[in-house]
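Novice: Quick note on the numbering used here: the first sequence kicks off at 260 and runs consecutively.
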Amino acid sequence: MGYDFGEIESKWQKYWAENKVFKAEIDTEKPKYYVLDMFPYPSGAGLHVGHPLGYIASDIYSRYKRHKGFNVLHPMGYDAYGLPAEQYAIQTGTHPEETTEKNIKRYRKQLDQIGFSFDWDREVRTSDPKYYKWTQWTFIQLFNSWYNKDTNKAESLDNLVEKFEKTGSKGINAAYNEHEDFTSEQWKKFTEYEQQNILMNYRLAYLKDTVVNWCPALGTVLANDEVKDGLSERGGHPVERKLMKQWLLRITAYSQRLLDGLDDIDWSEALKESQRNWIGRSEGASIDFKIKNHNEKLEVFTTRPDTIFGATFMVIAPEHELMDQLITPERKQEVEEYVSWAKNRSERERMTEVKKVTGVFTGSYAINPISGQDIPIWTADYVLAGYGTGAIMAVPGHDSRDFAFARHFELPIIQVVVANGEEPGNVSEWDDSYDGKEGAMINSGFINGMQVKQAIAAVIKEVEEKGIGYGTINYRLRDAIFSRQRYWGEPFPIYYKDGMPYALDESELPLKLPAVDKYLPTEDGKPPLARAENWTTKEGYPLETNTMPGFAGSSAYYLRYMDPLNDTEYFSKEANNYWKDVDLYVGGDEHAAGHLIYSRFWNKFLFDLGLVCEEEPFKKLINQGKIQGRSNFVYRIQGTNKFVSHSLRKEYDTQALHVDINLVHNDVLDLEAFKNWLPEYKDAEFILEDGKYVCGYEVEKMSKSKHNVQNPDNLIEKYGADTLRVYEMFLGPLEQDKPWDTNGIEGVFRFLRKFWRLFFDEDDNLIVTDDKPADEELKTLHKTIKKVDSDILRFSFNTGVSAYMICVNELSELKCHKRSILEPLTILLSPYAPHICEEIWQKLGYAESISTASYPIHNEDYLSENSFEYPVSFNGKMRFKIKLPVDMPKAEIEKAVVEAEEAQKWLDGKTIRKIIVVPNRIVNLVVG
RNA sequence: GCUCGAGUGGUGGAAUUGGUAGACACGUUGGACUUAAAAUCCAAUGACCAUUGCGGUCGUGCGGGUUCAAGUCCCGCCUCGAGUACCA
260 MGYDFGEIES
270 KWQKYWAENK
280 VFKAEIDTEK
290 PKYYVLDMFP
300 YPSGAGLHVG
310 HPLGYIASDI
320 YSRYKRHKGF
330 NVLHPMGYDA
340 YGLPAEQYAI
350 QTGTHPEETT
360 EKNIKRYRKQ
370 LDQIGFSFDW
380 DREVRTSDPK
390 YYKWTQWTFI
400 QLFNSWYNKD
410 TNKAESLDNL
420 VEKFEKTGSK
430 GINAAYNEHE
440 DFTSEQWKKF
450 TEYEQQNILM
460 NYRLAYLKDT
470 VVNWCPALGT
480 VLANDEVKDG
490 LSERGGHPVE
500 RKLMKQWLLR
510 ITAYSQRLLD
520 GLDDIDWSEA
530 LKESQRNWIG
540 RSEGASIDFK
550 IKNHNEKLEV
560 FTTRPDTIFG
570 ATFMVIAPEH
580 ELMDQLITPE
590 RKQEVEEYVS
600 WAKNRSERER
610 MTEVKKVTGV
620 FTGSYAINPI
630 SGQDIPIWTA
640 DYVLAGYGTG
650 AIMAVPGHDS
660 RDFAFARHFE
670 LPIIQVVVAN
680 GEEPGNVSEW
690 DDSYDGKEGA
700 MINSGFINGM
710 QVKQAIAAVI
720 KEVEEKGIGY
730 GTINYRLRDA
740 IFSRQRYWGE
750 PFPIYYKDGM
760 PYALDESELP
770 LKLPAVDKYL
780 PTEDGKPPLA
790 RAENWTTKEG
800 YPLETNTMPG
810 FAGSSAYYLR
820 YMDPLNDTEY
830 FSKEANNYWK
840 DVDLYVGGDE
850 HAAGHLIYSR
860 FWNKFLFDLG
870 LVCEEEPFKK
880 LINQGKIQGR
890 SNFVYRIQGT
900 NKFVSHSLRK
910 EYDTQALHVD
920 INLVHNDVLD
930 LEAFKNWLPE
940 YKDAEFILED
950 GKYVCGYEVE
960 KMSKSKHNVQ
970 NPDNLIEKYG
980 ADTLRVYEMF
990 LGPLEQDKPW
1000 DTNGIEGVFR
1010 FLRKFWRLFF
1020 DEDDNLIVTD
1030 DKPADEELKT
1040 LHKTIKKVDS
1050 DILRFSFNTG
1060 VSAYMICVNE
1070 LSELKCHKRS
1080 ILEPLTILLS
1090 PYAPHICEEI
1100 WQKLGYAESI
1110 STASYPIHNE
1120 DYLSENSFEY
1130 PVSFNGKMRF
1140 KIKLPVDMPK
1150 AEIEKAVVEA
1160 EEAQKWLDGK
1170 TIRKIIVVPN
1180 RIVNLVVG
């Protein structure tokens, strides 16, 4: 029978499940280790070979850590809310819960087949009321908190109210939307409605009219990270800008902490960099510009206050709130036409027409507060309402966008910075502005001659003294829009009294998702929940009809895994103090700007409340690369049903067609299978090369339409889960994108069978002996332990696999069947190929799972040699090798090399100029 | 445009601190075993030149440089991939 993976794998999967081998419990005697995978959205298509890549790596690491004596928490669950199930519900009327349940079952079966060591007792599903109770609970906490910039943390709204009652709004340093001055007396006289309105400005979860990414096709708003190139990420539908009342989370209050936290965590530089970009910190100044003949002023943010003498005009966003006041009567029509045109442009148009310069003069002038010059105020859509103050001072000499604008509308350009080592230029001859931050100031009054850096500080000091500005920091990060006009998501624990939102009492949680007759918006455009009957509180107040977005449930699931069955609190203090944070998080980098930043924010908030003990949730994070598809092509001669083999295709006028990769082996097409594949190919004819039909190939995205989807089920049936696991690791570095190519899987399968044969003969008899191991065998074993161990620690799983292969090749060569060698090797391999190793372990006479065995430790003594084979180079080129004792002194090595027979040929007629000897490494002779 | 990452045989990839480039595997070719196939085993396999044998030259995207020694370090460029996009 030999290696019967099918039987072995189902046997051990059953054993692990029945005996709860991987159940994790708090054990203060052991160090904890928390390994987390990004939980999947259970889609209808099931898993393809790309999904398990990260899961396999993290599973190997989890098993490795258990062997090393750690108490490992390795859970799995489902990100169960999502648009596809809801779209399906709209089309078919099937409740999303039903679809989701079905898909989860399929996922679970597929995951189980691969032999993961998850503790399934800790499974969470975001759509389970027992789970989303705590998502809603966290929302209530956000609703009832404000951000105190003095203590630099979130605090209870009660203490803000207390301050208002005592001292009014004076001296409060908070993150807010709008600020209003009032005394404690005024506060007390406000109506409840007025008070609530003021508090809304401070809450960390707040309701506000917001310009949102509205996607009419999906009938919902989308977060910035759900929009790509002006189209929805899911479905590719157009997205518009629309003003809507929405819930937002005040993530911006945490901008600086989110930025600073990146320095303390072990994530890839690329990922940290994209978070830094997303947060987008820039240092600069806020400066007020007076408007001529007007009481209002324009506040601008600039990173280059040094260039203020070069500010020759101002530009405000078309949406700017002072627009109406700035338009002069004679300019009214033109400006209003422009503003309405700009506001109605879709995101997509705006993006594709970036280079087009548009704008109009408002008719008003501002006064440059430093130079005293009058400068015209324009409006243009290159200034965004959402960033800074929505108004800029334009410095065409030193900002390329302002430069393009000035050239287009013939506005004056002044040079105020001269690059170091250069002379002032003639701006009318410039092709572009000088945007560099190095140089000396000219044409700039009191800062003339200063270097840029110095000038920036001087201008900030000046505006601060004059009381017309201050040095400040701006962030690109926006508050997160938290409302979705969808059905399949968490209901908000919010009701409305006289139009004002209030949080439900915690005792009312979970607020369960109600039944609806249809999963569509109502006729008058309200979200689907508005269709639910009696969607009110007991007292009859209407409940919120929006639902929460996808990232709500995924923002803190790692915390719930610590104590998933707790129904009195989110998770116990004890559980959190023990498991603390995620030691290793593995997942795709598509979550860089979404989930990973929201999670960090959510965790910091819970940290401020004193609920979690670590400020950063994910200590180390690895992004597994994507597995790309490898498509095969056949070449049909135009207008015929004749197909020509790959290398002959140039001789004909052909059309390349995707062919199902299951009909192709090593790029050779199975002709009969191809004819039976689709009716249209039934009578296909072929032009062969060397009697074969060779297909072309290309690496591209894995997708059904390209017929290149590899589903793990087929491979497991053919080769087994252990082979699949080892092969996915062998494919290449974990973090790198790579094409999936089934061709190499045979090699891994051969390796496992070869490993099996070290233990069993052809009749399945155990042939392991208790003989004393030879030095050579010990050396093979111990160098493998050393290599595999160090490779796992640096997450280099692919090189680990090749170390096993070398080891098994060497032991096979040595005909080694010795227990003292093979037992440690079995433990060593078990994280990668757990089923086969369990089976062998049992056959070796052990009653307990191999997962409890402790990891072998390599002994350097077995690796030491008394001689080293030196590569000898002449002028850097390796010419021959010579074996010499490891402790031979340099001088003797030189002598031995120079006298060596092989050396004579290279020394003949030449002078030795230099000899470099690196002990136990290399010898290099410089001759000439 | 900006930021980050990557370019090594026919293919996936290895080379951890500058020290034998191409480990391991696939594929291909030849051979053994077999009635045959599968499985297994053995050998060859970067390119070019030479071939009777010994060999030799070139070679890690391109061009320079540092060094006894460069896939690895430095400078300049090219190509591909990812992210981002008027962020003042």
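Cβ coordinates follow ideal geometry from the N, Cα and C atoms, glycine included.
1. Tell me the residue span of the alpha helix (DSSP H) that contains residue 351.
2. In chain order, what residues of the same chain lie with their CB nearer than 7 Å to the CB of residue 518, ignoring the 5 residues before and after it?
3. Taking contact to mean 3 or more Cβ pairs, one atom from each stretch, closer than 8 Å, check whether the segment 970 to 979 and the segment 304 to 312 are in contact.
4. So, at 8 Å on beta carbons, what are the nonlocal neighbours of residue 289 in its own chain, with the 5 sequence-adjacent residues on each side left out?
5. By Cβ distance, which residues of its chain are closer than 7 Å to residue 594, with the 5 residues on each side in sequence left out?
6. Give me whichever residues DSSP pairs with residue 537 in a beta bridge.
7. Would you check whether the ligand NAP has a heavy atom nearer than 8 Å to the C-beta of residue 270?
8. Using CA coordinates, which residue listed in 927, 405, 1085 is at the minimum distance from residue 1027?
9. Following the continuous beta strand (DSSP E) through residue 760, name the residue where it begins and the one where it ends.
10. Helix or strand or just coil, what does DSSP make of residue 864?
11. Is it the case that the segment 889 to 897 contacts the segment 911 to 923, given that we only count it when at least three CB pairs across the two stretches are under 8 Å?
12. Are residue 998 and residue 1060 touching if we call contact CB-CB under 9 Å?
13. Could you tell me the alpha carbon to alpha carbon distance between residue 525 and residue 879, rounded to whole angstroms?
14. At 3 residues or longer, and completely inside the segment 723 to 789: list those beta strand (DSSP E) runs for me, N to C.
15. By how many angstroms is the C-alpha of residue 374 removed from the C-alpha of residue 841?
16. Please classify residue 417: does DSSP put it in a helix, a strand, or coil?
17. For residue 592, does the count of other Cβ atoms within 10 angstroms reach 16, so buried, or fall short, so exposed?
18. Go through the segment 526 to 574 residue by residue and report every complete run of the alpha helix (DSSP H) that reaches 4 residues or more, in order.
19. Taking the beta strand (DSSP E) that residue 1127 belongs to, which residues open and close that run?
20. How many Å lie between residue 460 and residue 439 at the Cα?
21. I need the straight-line Cα distance from residue 813 to residue 551, nearest angstrom please.
22. Going by CA-CA distance only, name the one from 1161, 936, 393, 950 that's closest to residue 823.
23. Which of helix, strand or coil does DSSP assign to residue 312?
24. Pop quiz: residue 1104 and residue 1057 are said to be a contact at Cβ under 8 Å. What is the actual Cβ separation, rounded to whole angstroms?
25. Let me check one thing: in DSSP terms, what residues is residue 1044 bridge-paired to?
26. Thinking residue 802 and residue 796 are a contact (beta carbons under 8 Å), I'd like their distance in whole angstroms, please.
27. Quick one: complete alpha helix (DSSP H) runs, 4+ long, within the segment 1054 to 1096?
28. Judging by CA-CA distance, which residue of 603, 696, 486, 502 is the nearest neighbour of residue 468?
29. Quick one: Cα of residue 1244 to Cα of residue 1133, how far?
30. I need the DSSP call for residue 802, collapsed to helix, strand or coil.
31. Compare the Cα-Cα distances from residue 741 to each of 401, 542, 1128 and report the closest residue.
32. For residue 379 and residue 737, I'd like the C-alpha separation in whole angstroms.
33. Could you name the residues of the same chain whose beta carbon sits closer than 7 Å to that of residue 817, not counting the 5 residues immediately before and after it, in chain order?
34. Quick one: is residue 1003 buried, meaning 16 or more other Cβ sit within 10 Å of its Cβ, or exposed?
35. Closer than 8 Å is the cut-off here; do at least three beta carbon pairs connect the segment 1172 to 1179 with the segment 1136 to 1156?
36. From the DSSP output, in three-state form, read off residue 888 for me.
Specialist: Let's see:
1. Along the first sequence, one-based indexing puts residue 351 at 92. Start and end: 342 to 351.
2. Along the first sequence, read from residue 1 onward, the residue named residue 518 stands at position 259. Taken in chain order, the residues that qualify are 535, 538, 540.
3. yes
4. On the first sequence, position 30 is the one that residue 289 refers to. Excluding residues within five positions, the ones whose Cβ falls inside 8 Å are 328, 329, 330.
5. Taking the first sequence and counting its residues from 1, one reaches residue 594 at position 335. Closer than 7 Å at Cβ, skipping near neighbours: 586, 619, 621, 638.
6. Position 278 of the first sequence, counted from the start, is the residue given in the question as residue 537. In DSSP, residue 537 forms no bridge with anything.
7. Among the ligands in the structure shown, none appear at all, so the ligand NAP cannot be discussed.
8. For the purposes of this step, residue 1027 is taken as the residue at position 768 of the first sequence. Residue 1085 is the option with its Cα nearest to residue 1027.
9. Taking the first residue of the first sequence as position 1, residue 760 is located at position 501. Residue 760 -> beta strand (DSSP E) spans 759 to 762.
10. What you label residue 864 is simply residue 605 of the first sequence in a count that begins at 1. Three-state result, residue 864: helix.
11. yes
12. Counting from 1 along the first sequence, the entry for residue 998 is found at position 739. Counting from 1 along the first sequence, the entry for residue 1060 is found at position 801. In this structure, residue 1060 does not lie closer than 9 Å to residue 998 by Cβ.
13. By 1-based counting over the first sequence, the position of residue 525 is 266. By 1-based counting over the first sequence, the position of residue 879 is 620. For residue 525 and residue 879, the distance between alpha carbons rounds to 5 Å.
14. 728 to 734, 753 to 756, 759 to 762
15. Looking up residue 841 in the first sequence gives position 582. Looking up residue 374 in the first sequence gives position 115. Taking the straight line joining both Cα atoms gives about 22 Å.
16. The residue given as residue 417 occupies position 158 in the first sequence. Helix.
17. Taking the first sequence and counting its residues from 1, one reaches residue 592 at position 333. Residue 592 should be labelled exposed.
18. 528 to 538
19. For this step, residue 1127 is matched to residue 868 along the first sequence. Residue 1127 -> beta strand (DSSP E) spans 1126 to 1133.
20. Here residue 460 corresponds to residue number 201 of the first sequence, with the count starting at 1. Here residue 439 corresponds to residue number 180 of the first sequence, with the count starting at 1. The straight-line gap from Cα to Cα measures roughly 10 Å.
21. For the purposes of this step, residue 813 is taken as the residue at position 554 of the first sequence. For the purposes of this step, residue 551 is taken as the residue at position 292 of the first sequence. About 52 Å.
22. The sequence position of residue 823 within the first sequence is 564, counting from 1. Minimum Cα distance to residue 823 is reached at 393.
23. In the first sequence, the residue the question calls residue 312 occupies position 53. Reduced to three states, the DSSP call for residue 312 is helix.
24. Residue 1104 sits at position 845 when you count from the first residue of the first sequence. Residue 1057 sits at position 798 when you count from the first residue of the first sequence. Not quite, the Cβ-Cβ distance comes to about 33 Å (not below 8 Å), so this is no contact.
25. The count along the first sequence starts at 1 and reaches residue 1044 at position 785. Its beta-bridge partners do not exist; DSSP assigns none.
26. One-based indexing of the first sequence puts residue 802 at position 543. One-based indexing of the first sequence puts residue 796 at position 537. About 7 Å; that satisfies the 8 Å criterion.
27. 1056 to 1072, 1078 to 1088
28. Position 209 of the first sequence, counting from 1, holds the residue named residue 468. Comparing Cα-Cα distances from residue 468 to each of 603, 696, 486, 502, the minimum goes to 502.
29. The question about residue 1244 has no answer, for the chain in this structure spans 260 to 1187.
30. As a first step, residue 802 must be located in the first sequence, where it is residue number 543. Note: residue 802 maps to strand in three-state DSSP.
31. Taking the first residue of the first sequence as position 1, residue 741 is located at position 482. Ranking the options by Cα distance to residue 741, first place goes to 401.
32. For the purposes of this step, residue 379 is taken as residue 120 along the first sequence, with counting starting at 1. For the purposes of this step, residue 737 is taken as residue 478 along the first sequence, with counting starting at 1. Cα to Cα, residue 379 sits roughly 37 Å from residue 737.
33. Counting from 1 along the first sequence, the entry for residue 817 is found at position 558. If we look at residue 817 and ignore the five residues flanking it on each side, its Cβ neighbours are 295, 841, 876.
34. Mapped onto the first sequence, residue 1003 falls at position 744. The residue in question, residue 1003, is exposed, as its Cβ has fewer than 16 Cβ neighbours within 10 Å.
35. yes
36. Within the first sequence, the letter at position 629 stands for residue 888. In this structure, residue 888 counts as strand in the three-state DSSP scheme.
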